[in-house]
Every structure is written in structure tokens, then in C-alpha cells.
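Since the structure comes first, as C-alpha cells, the remarks are kept for the end.
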Amino acid sequence: FGIYLFRKIKNADVIEAWELEIGPHRYSYQELKKATKGFKEKELLGQGGFGRVYNGTLPKSKIQVAVKRVSHESKQGLREFVSEISSLGRLCHRNLVQLLGWCRRRGDLLLVYDFMANGSLDKYLFEDSDIVLSWEQRFKIIKDVAS
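Note that UniProt numbering has the sequence shown beginning at 1, numbered continuously upward.
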């Protein structure tokens with residue numbers, strides 16, 4: 001019994017004071033692990049300096065989401081994670097992906113976003129793409145986001 005209790009406490013989510021003040025929904029690690037099928041490679045949408053992004057479907061609501069799993073090697077740590085949750089959680093704009101929630105479990109930091117079927121805007125701005133945005137379209141997007 002003592003070993004089971006120790007293991008349960010060791011694996012429990014740690015809740016800190018700042019977490020209670022953050023607006024977006026807090027998901028359990030198990031929910032997000034199930035949503036992404038265990039963070040399988042075939043669910044990987046992309047990766048960057050901040051971590052990897054996985055396709056997922058939330059078990060209860062069946063909503064398709066993108067789950068950003070912050071890299072353990074990332075130079076951006078807990079402070080940046082908290083900043084992203086608190087600032088993005090308050091933003092709502094048609095040109096910005098909506099932060100739905102987050103999860104923190106031991107060393108794992110995860111952010112849950114609306115799934116965007118057409119991918120990230122930076123793909124159209126900075127990479128070779130079949131769709132090329134005109135300078136007029138780019139300016140309109142920048143102006144809309146800034147307002």
C-alpha cells in the first residue's frame with residue numbers, strides 16, 4: 001500500500017498558485033496523451049525551437065486540436081510557458097489560433113490550440129508553398145492582427 005501511495009503522489013500533477021489564476025482550461029496529461037495517441041510520430045504536425053506539435057482529438061468532446069509539447073531542451077522554460085498561457089488565453093482574433101488550454105506534468109509542458117486545417121500562417125509567409133500571399137494580403141493580415 002505504501003509503495004502505491006508513493007507512486008501515486010510522485011506521478012500527481014503539481015498545482016502551483018499561478019495555475020489557479022490562469023484562464024484557459026487545464027487538461028490532464030492522460031487526456032492529451034490519449035488525444036494524440038501517445039504522441040505518436042504519425043500524429044506529428046511540425047516542430048520548431050519551442051517543441052513539437054501533434055494532431056489530436058479530445059476524448060470527451062471529439063474536438064480536433066493541435067497539442068504543442070514543449071521540448072525539454074528548449075531554452076524557453078516555465079516562465080515563458082506561463083507567459084504564453086496567460087497572454088494567449090486572453091487573445092481572441094480571427095487571424096490568431098485560439099489557445100484552448102494547457103497541461104503541466106513534472107517536466108512536460110503542453111499547450112492545446114484549435115486545430116487549423118490549412119496549417120500555420122508562417123508556412124505561407126516563409127516557406128515554399130503552392131499558395132503565395134501577395135504583399136497586399138500580408139499587409140492586411142499584419143494590420144488585422146495588430147488592431
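For every residue, glycine included, the Cβ atom is placed at its ideal position computed from N, Cα and C.
Measure the Cβ-Cβ separation of aspartate 122 and valine 97 and say whether it is below 8 Å.
Working through the sequence shown from its first residue, we reach residue 122 at position 122. Working through the sequence shown from its first residue, we reach residue 97 at position 97. No, they are not a contact pair.
Rounded to the nearest angstrom, what separates serine 87 and aspartate 108 at their Cα positions?
Numbered from its first residue, the sequence shown carries residue 87 at position 87. Numbered from its first residue, the sequence shown carries residue 108 at position 108. Taking the straight line from one Cα to the other gives about 20 Å.
Alanine 35, buried or exposed, once every other Cβ within 10 Å from all chains shown has been counted against 16:
Within the sequence shown, numbered from 1, the residue matching residue 35 stands at position 35. By the neighbour-count rule (16 or more Cβ atoms within 10 Å), alanine 35 is buried.
Have a look at tyrosine 124 and isoleucine 131 and give me their C-alpha separation to the nearest angstrom.
On the sequence shown, position 124 is the one that residue 124 refers to. On the sequence shown, position 131 is the one that residue 131 refers to. The alpha-carbon atoms of tyrosine 124 and isoleucine 131 are separated by roughly 7 Å.
Return the CA-CA distance between serine 134 and valine 145, expressed in angstroms with no decimal places.
Taking the first residue of the sequence shown as 1, we reach residue 134 at position 134. Taking the first residue of the sequence shown as 1, we reach residue 145 at position 145. The alpha-carbon atoms of serine 134 and valine 145 are separated by roughly 17 Å.
Round the Cβ separation of valine 70 and phenylalanine 50 to the nearest angstrom and send it over; I've been treating them as touching at under 8 Å.
In the sequence shown, counting from the first residue as 1, residue 70 sits at position 70. In the sequence shown, counting from the first residue as 1, residue 50 sits at position 50. Contact holds; Cβ gap of about 6 Å.
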